[in-house]
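In this text, residue positions in the sequence shown follow our numbering: the first is 41, and each later residue adds one.
Taking it in order: structure first as structure tokens, then the write-up.
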Amino acid sequence: MDADTDPIEIMGAEPAGRLGDVFDAATGRYFAPTPQPHYRDMLRQLYLAQAPGADAARFDAVWPRIWELTEYPHDPSQLVAILDTGVLAGHPLLRDCLHEVVDFTGEGGEDRNGHGTLVTLLARLMMPGVPRRKFVVLKCVGADGRGAQANLIRALGWMQAFNRRGTARIVTANISLGVYNRKWLVLGCDGTCALCRAAVETAKEIVLSVAAGNVAGKTACPARAAFLPSNPAILAVGRSDEATSGAGTVTGTVEPTERVIFQPKH
Ligand SMILES: [Zn+2]
């Protein structure tokens, strides 16, 4: 086994792999996180600035269920990609927000892990108030939260091809996946592994937000590529108390707070 065959895994602060956090098969109920309180002012300002007929009192009344503010403008030409464990396409908060789901695992695009759906929900919750973008979900790891590096490399290439052929464009991509290549375990990858090179190429046209890793002070690939001086379009995202050194950007994470339950339709 060489370095390029080490599996990619889920990285980042979100809970890794609990389908029960987003769906209960026994009752058919879906769950969703609500936005954290400290995002309230930002989301409120965006709503007031951009939604037609925005009404501050209405925002305050529905908070934190901001998805009930359906008057947001929608921009169909700009898309957000989520590279993760797939998505529960029937989720009440997501079914209107999916542009396309592509499976690179052979398992089917449906999320059997839970992480991808949770990440998509968190991205959905941070989106109201600006022209709301639809998601392209690229499934790169399966139910066990692991996958081949080749899946992620193919997904990165797929996004570039997608942007070349259509009128809609992927403008940002969220990648909560990475690998600690054993070859680079001591010094850290210098940005020349196959995964980092693919990310650098993709970041020429798409802003990549990549989870930095699960180990303090150790940045996984392809987040490592963010710390090369020439890659401003790759953001390594991690907890600020685990900030890695280098030129890349380390931002705060979005974490679920209160959980909201959606009853099944009868
Ligand atoms: Zn690398």
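Built from N, CA and C at the ideal position, the CB exists for glycine as well.
Item                                                                                                            : Value
Length of the line joining the Cα atoms of P75 and F99                                                          : 13 Å
Cβ-based neighbour list, L96, same chain, cut-off 8 Å, excluding 5 preceding and 5 following                    : One point to set straight first is that residue 96 is Ala, not Leu, in the sequence displayed. Result list for A96: R84 and L88, in chain order.
Reduced DSSP category for I87 - H, G, I as helix; E, B as strand; rest coil                                     : Position check: residue 87 holds Tyr in this sequence, whereas Ile was assumed. Helix, per DSSP.
Nonlocal neighbours in the same chain, by C-beta distance under 6 Å from V4, ignoring five residues either side : With the chain represented from 41 up to 306, any question about residue 4 goes unanswered, as that position is not in the structure.
Under the three-state DSSP convention, the category R206 falls into                                             : It should be pointed out that residue 206 corresponds to Gly in this sequence rather than to Arg. Note: G206 maps to coil in three-state DSSP.
Whole-angstrom distance between V120 and R173, CA atom to CA atom                                               : 6 Å
8 Å CB neighbourhood of V102 in its chain, flanking five on each side removed                                   : E108 and L109
Ligand 1 heavy atom lying under 7 Å from the CB of P73                                                          : no
Residues with C-beta closer than 5 Å to any heavy atom of ligand 1, in chain order                              : C229, C233, C236, C261 and R264
At least 3 beta-carbon pairs within less than 8 Å: the region 145-153 vs the region 223-243                     : no
Within 8 Å, strictly: CB atoms of D124 and V159                                                                 : yes
N-terminal and C-terminal residue of the alpha helix (DSSP H) that V159 is part of                              : H155 to L165
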